[in-house]
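So the sequences go chain by chain: A and B.
Start counting at 1 in the first sequence, then tack on 412, and there's your number in this note's numbering.
Start counting at 1 in the second sequence, then tack on 412, and there's your number in this note's numbering.
Structure first, commentary second.
Number of protein chains: 2
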Amino acid sequence: MSLDDLGERGRRASRERSADRAGAKPTLKTIAELTGLAVTTVSRALADAPQIALETRMRVRQVAEEIGYMPDRAAQRLRTGRTNVISLVLDPHEEILGYATSIIDGLSEALRGTPYHLVITPHFSDTPAIDPVRHIMRNRMADGIIFTRTEPADERVKLLVEHDFPFICHGRTELATAHPYVDYDNYAFAYHAARRLIASGATKLSIILPPDRFTFAQHMRHGFMTAVREEGVRFEIAKDVTLDSKSDAIRDYVYKQMAQADRPDGFVCGGEVSAMAVMASAYDHDLELGRDVHLVAKQTSGLFDQVRPRVETIYEDLSEAGLLMGRLLLKRIGGPVPVGELQALQTL
Amino acid sequence: MSLDDLGERGRRASRERSADRAGAKPTLKTIAELTGLAVTTVSRALADAPQIALETRMRVRQVAEEIGYMPDRAAQRLRTGRTNVISLVLDPHEEILGYATSIIDGLSEALRGTPYHLVITPHFSDTPAIDPVRHIMRNRMADGIIFTRTEPADERVKLLVEHDFPFICHGRTELATAHPYVDYDNYAFAYHAARRLIASGATKLSIILPPDRFTFAQHMRHGFMTAVREEGVRFEIAKDVTLDSKSDAIRDYVYKQMAQADRPDGFVCGGEVSAMAVMASAYDHDLELGRDVHLVAKQTSGLFDQVRPRVETIYEDLSEAGLLMGRLLLKRIGGPVPVGELQALQTL
DNA sequence: CTGGCGATTTATAACGATATAAACGTTGCC
DNA sequence: GGCAACGTTTATATCGTTATAAATCGCCAG
Numbered sequence: 413m414s415l416d417d418l419g420e421r422g423r424r425a426s427r428e429r430s431a432d433r434a435g436a437k438p439t440l441k442t443i444a445e446l447t448g449l450a451v452t453t454v455s456r457a458l459a460d461a462p463q464i465a466l467e468t469r470m471r472v473r474q475v476a477e478e479i480g481y482m483p484d485r486a487a488q489r490l491r492t493g494r495t496n497v498i499s500l501v502l503d504p505h506e507e508i509l510g511y512a513t514s515i516i517d518g519l520s521e522a523l524r525g526t527p528y529h530l531v532i533t534p535h536f537s538d539t540p541a542i543d544p545v546r547h548i549m550r551n552r553m554a555d556g557i558i559f560t561r562t563e564p565a566d567e568r569v570k571l572l573v574e575h576d577f578p579f580i581c582h583g584r585t586e587l588a589t590a591h592p593y594v595d596y597d598n599y600a601f602a603y604h605a606a607r608r609l610i611a612s613g614a615t616k617l618s619i620i621l622p623p624d625r626f627t628f629a630q631h632m633r634h635g636f637m638t639a640v641r642e643e644g645v646r647f648e649i650a651k652d653v654t655l656d657s658k659s660d661a662i663r664d665y666v667y668k669q670m671a672q673a674d675r676p677d678g679f680v681c682g683g684e685v686s687a688m689a690v691m692a693s694a695y696d697h698d699l700e701l702g703r704d705v706h707l708v709a710k711q712t713s714g715l716f717d718q719v720r721p722r723v724e725t726i727y728e729d730l731s732e733a734g735l736l737m738g739r740l741l742l743k744r745i746g747g748p749v750p751v752g753e754l755q756a757l758q759t760l
Numbered sequence: 413m414s415l416d417d418l419g420e421r422g423r424r425a426s427r428e429r430s431a432d433r434a435g436a437k438p439t440l441k442t443i444a445e446l447t448g449l450a451v452t453t454v455s456r457a458l459a460d461a462p463q464i465a466l467e468t469r470m471r472v473r474q475v476a477e478e479i480g481y482m483p484d485r486a487a488q489r490l491r492t493g494r495t496n497v498i499s500l501v502l503d504p505h506e507e508i509l510g511y512a513t514s515i516i517d518g519l520s521e522a523l524r525g526t527p528y529h530l531v532i533t534p535h536f537s538d539t540p541a542i543d544p545v546r547h548i549m550r551n552r553m554a555d556g557i558i559f560t561r562t563e564p565a566d567e568r569v570k571l572l573v574e575h576d577f578p579f580i581c582h583g584r585t586e587l588a589t590a591h592p593y594v595d596y597d598n599y600a601f602a603y604h605a606a607r608r609l610i611a612s613g614a615t616k617l618s619i620i621l622p623p624d625r626f627t628f629a630q631h632m633r634h635g636f637m638t639a640v641r642e643e644g645v646r647f648e649i650a651k652d653v654t655l656d657s658k659s660d661a662i663r664d665y666v667y668k669q670m671a672q673a674d675r676p677d678g679f680v681c682g683g684e685v686s687a688m689a690v691m692a693s694a695y696d697h698d699l700e701l702g703r704d705v706h707l708v709a710k711q712t713s714g715l716f717d718q719v720r721p722r723v724e725t726i727y728e729d730l731s732e733a734g735l736l737m738g739r740l741l742l743k744r745i746g747g748p749v750p751v752g753e754l755q756a757l758q759t760l
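Next up, the structure:
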């Protein structure tokens, strides 16, 4: 409290006796005056440079601690070019419940205790996804970038790899050059979801995929199709509706399906909203879940623990994904690392 | 593309002809060389200072535009002390679905087109809530602070008011000094929710409140109690369970209530998770929603549009709250504003 | 006594921006 | 012609830090 107090008393006192305690923010100069050393020496001492006598280093650190010295980020950044910032590029309008929150949770945990700050760089969907990335690189707004919704031939990945700029993306690409990523095994998700439905007695499966442009849409499709072919059951894949569609549009689509004579009786739901839409449709058509209609949903929050009738789910830990992305990115920023060590696939 | 391209070709070219185009990041110096003016003049010209000839200002701006000049934030920050940063203090572990996401959405919109960046400052619940605020102030990590979960005698508010540091909090206090805030009318929410339940035929109401230490818990309680007293119905207020409790704990609590002979038949749900818990409990006790049990929930996402049976809801627009907080904070940072103009109450 | 070496410390400059005060060329007036 | 005043531009210093090169010291060998 005492040292952090910037109140009137402290400020006045500091005007009287130069600037030894409290009052103005302490800088290297403050420590230099206090110890009788040069600013340069203090800087090097705090950096633990071996050329500075051990005793000096300890004394400086002691004083720095006492007066609560914290380096000025702006000055460090100007001088070194390092920002101590991690930029998370987000389309803040995404409706996916809590997706961002969970990732931010994990990222915060990874950055805890480091000098790194988390900056949210919004990407508004009316501009190319590469714009914010280019801007961050060009103006050195961050030491590393994290982004989501990766595409098979993602331009952002290409750009970042080309310039050797530290980054981790959520999701993989199909590019020839390996690059850092954290991904969830959506192939396995869709595969196992479909098999579970079939095992429950479903004879015609349905799936709503993410927009085609995202890599994980292909993974889900592939997992789904593999299971379907293995078992030889019929299926339907939504054409004009995706997991990104408004929830009403999703529900309308499922409504139409339910009204068919040949309606699907097993649904793979890649998102919580779409799962709720399927449940709503079933309910409105007087179809009983678990008997007339089966459902396996991806669960990313505690929501489904409270949903009745109970829904079969497969869990994706987004908070852990954030944690991983943070850790890997810090590792990469720390120095060159084989790209293989910067890739993580979350399994079921 | 051409100017943003930092590739090998550009870099080599710039080495040849000093640094006129592409290559290294353009600075005031670059513009100065290009125009034959002094760095100072360029700076003032871009600041649109009236002492600089209009023609010069236009020429400088033209050149700056052409080479894609963007001021270096670190340098500006070091020199002026302004950070161009807004800090959002968040407990990233909060389970409230998408609460943070919605607010970030609104904030991003408010900050769009301004030079301000949004930094997420995590507040881990094992440390005092005032720590991150003090740290931000002391080290001038931001020009303004936004935080949530305001308490009646909030220490953060006191500190910030005392030092006249720009901030907006989500929620009000009961402090004597007025301060900026954005809040949702939780009194009205609880009041109307309760009245609706009674109008639907409920004879014993139940409510789960936020933790007592938050101001909005008192508001909700007050609204609830007012309605209950006006109508003279019986009621129950959860003692050991709050909206912050794990969703399982909430469900267990509601389970016990449902098992009572004298069970409540009307539930005011201040959160989406607690609403789902009530629904789950009702379902598990074979109670029919809308007949045996009534429910009015606060809706903060599109989720309840897909929940069946349909649930009565009252909407709280968190994205708008974020937008308001951003706008008001920018206004405050811009210069002294009567505190009354920095307060907003979102009504139903 | 001088030169030189190793161990420490320090002076200087620079990062890119801006606030301050000084300098500049032009004009008009006495 | 000299000088003040004006409109405009520029030199200088500074924010806090760190990389580089230089300086200082004690000490020992020659």
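Note that beta-carbon positions come from the ideal geometry of N, C-alpha and C, so glycine has one too.
Remember, predicted model here, so these are calculated numbers, not experimental data.
Within the same chain, Cβ atoms closer than 6 Å to the Cβ of B:Gly510 are found at Ser713, the five residues on either side in sequence being excluded. When only Cα atoms are considered, B:Asp484 and B:Ile515 end up about 28 Å apart. Annotation for A:Glu506: no beta strand (DSSP E) segment contains it, and DSSP assigns it neither H nor E.
Using a Cβ-Cβ cut-off of 7 Å, A:His529 is close to Val531 of chain B, given in chain order. Spatial neighbours of A:Arg739 in its own chain (CB-CB distance under 7 Å, excluding positions within 5 residues in sequence) are listed in chain order as Ala522. Against A:Tyr695, the close residues of chain B are Arg720 and Pro721, in the order they occur along the chain (beta-carbon pairs closer than 8 Å). Apart from the 5 residues on each side of it in sequence, A:Ser537 sits with its Cβ closer than 7 Å to the Cβ of Asp503 and His505 in its chain, given in chain order. Counting only the Cα atoms, A:Arg608 lies some 20 Å from A:Gln630. Scanning B:His575, B:Thr589 and B:Thr638 for the CA closest to the CA of B:Tyr603 turns up B:Thr638. Taking the Cα positions, A:Asp624 is about 8 Å away from A:Thr654. The DSSP assignment places 627 to 643 as complete runs of the alpha helix (DSSP H) inside the region 604 to 658 of chain A, in order along the chain (cut-off: 4 residues). Annotation for B:Arg456: Gln463 and Ile464 place their beta carbon closer than 8 Å to its own, counting only its chain and skipping 5 residues before and after. Of the residues assessed, A:Asp566 falls on the buried side of the cut-off, its CB having 16 or more other CB atoms within 10 angstroms. A Cβ-Cβ separation of about 6 Å places B:Leu530 in contact with B:Leu500 under the 8 Å criterion.
Straight-line measurement puts the Cα of B:Glu684 at about 25 Å from the Cα of A:Tyr667. When Cβ-Cβ separations below 8 Å define contact, B:Ser537 makes no contact with chain A.
Separation of B:Leu754 and B:His575 (C-alpha to C-alpha, rounded to the nearest whole angstrom) is 17 Å.
DSSP places B:Gln755 inside the beta strand (DSSP E), whose first and last residues are Gln755 to Gln758.
When the five nearest sequence neighbours on each side are left out, the beta carbons in the same chain lying within less than 7 Å of the beta carbon of B:Pro544 are those of Val501, Thr533 and His535, in order along the chain. Counting of Cβ neighbours within 10 angstroms places A:Lys658 among the exposed residues, the total staying below 16. The shortest C-alpha to C-alpha distance from B:Arg524 to any of B:His582, B:Gly734, B:Ala554 and B:Gln758 is the one to B:Gly734. DSSP places B:Gln711 in the uninterrupted beta strand (DSSP E) bounded by His706 to Gln711. At a cut-off of 8 Å between C-beta atoms, A:His582 does not count as an interface residue with respect to chain B. Only buried fits B:Leu707, as 16 or more other CB atoms lie within 10 angstroms of its CB. With a beta-carbon spacing of about 26 Å, B:Ala673 and B:Val723 fall beyond the 8 Å limit used to define contacts.
Residues of chain A whose Cβ lies closer than 8 Å to the Cβ of B:Lys437 are, in chain order, Arg550, Asn551 and Arg552. Only residues of its own chain outside the window of five on either side were considered, and among them Glu728 and Gln758 have a CB closer than 6 Å to the CB of B:Tyr596, listed in chain order. Short of 7 Å from the beta carbon of A:Phe628, and not among the five residues preceding or following it, lie these beta carbons of its own chain, in chain order: Gly583, Asn598 and Pro622. Contacts with chain B at 8 Å (Cβ-Cβ) include A:Met482. In chain A, no part has a C-beta under 9 Å from the C-beta of B:Thr627; the shortest such distance is about 23 Å. In the three-state DSSP reduction, B:Pro534 falls in the strand class (E or B).
Non-local beta-carbon contacts of A:Val475 in its own chain, meaning distances under 7 Å to residues more than five positions away in sequence, involve Ile443, Leu446 and Thr447 in chain order. The alpha helix (DSSP H) runs lying completely inside the region 534 to 611 of chain B and spanning 4 residues or more are 542 to 550, 567 to 574 and 598 to 611, given in chain order. Take B:Thr439, set aside five residues on each side of it, and the residues of its chain with a beta-carbon closer than 8 Å to its own are Tyr481 and Asp484, in chain order. For the alpha helix (DSSP H) assignment, the uninterrupted runs of no fewer than 4 residues enclosed by the region 695 to 752 of chain B are, from N- to C-terminal side, 730 to 746. With a cutoff of 8 Å on beta-carbon distance, A:Ile580 and A:Leu741 are scored as near each other.
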